[in-house]
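In what follows, a structure is listed as structure tokens, so that the remarks can point back to it.
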Amino acid sequence: MEAQLITEDQINPGDILLFTNATGESRVTTLLTHSPYYHAGIYAGHKKSIEMRVTGAILRDLRSKDGDPDFIVIPAPQGKGAAALAWARSRLKAKYDDKGILVLFFNRILMHLHLNYTAPGKYTCGEFVAAAYDSAGVKLFPDMPLSDVEPADFARYVPEGAPTVTFGHNGVPADEASATNEAVVPNETTAKGGA
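Plus 4 on top of the position in the sequence shown (first one is 1) and you've got our numbering.
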């Protein structure tokens, strides 16, 4: 499915982004979860998202070549997007839970066996987004531990008929993309949604 172009006035900081149109290794997630959603992040404003990647939590330009450009927007649950985004910003440079993702996949393959595993201060992408909202007082998944949350679980919050959208593919040159995808805390103006 081809993504529709979106403008910044159609999305708010703190909204949840569910990435779709998987390519490469990301297809493994869609195959195991039987879901088109393979990655999750939080919109940070200015065409950027805060995401948990294998390199850790980063602020990423959504137009960059080294990421996922196509996503579905879930409006911030219970209007708590600003609080969830503040938590995510405070966790930039947090570590990726590489063992946690293996446990999630293992639990999917062997459905009759459930491994309980948590790594304090480390997150998978879905867990990171759910933890951000949990810290804001919104329990998105009261029926499961945060460590079990994966992108497919967010499907219950996708608005009916929500289109796949993008800010554009490869809109940022590779040299700029690497600079914008560093795990740095933005300045106060950016954090407040200013220019």
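All residues carry an ideal CB built from backbone N, CA and C; glycine is no exception.
Predicted, not measured: the structure shown is a model, and the values here were computed from it.
In this structure, His43 lies near Asp72, with their beta-carbon atoms less than 9 angstroms apart.
Scanning its chain for C-beta atoms nearer than 6 angstroms, with the 5 sequence neighbours on each side dropped, one finds around Lys126 the residues Lys99, Asp101, in chain order.
Shown here, Phe132 sits in a helix according to DSSP, grouped into three states.
For Gly60, the uninterrupted beta strand (DSSP E) run begins and ends at 60-65, by DSSP. Straight-line measurement puts the Cα of Ala61 at about 21 angstroms from the Cα of Ile15.
Contact between Thr168 and Ile46 is absent: CB atoms are separated by about 18 angstroms, not below the 8 angstroms threshold. In terms of Cβ geometry, Leu96 and Leu63 form a close pair [threshold 9 angstroms]. The beta carbons of Leu66 and Phe158 sit no closer together than 9 angstroms. Per DSSP, Arg93 is one residue of the alpha helix (DSSP H) stretching across 85-94.
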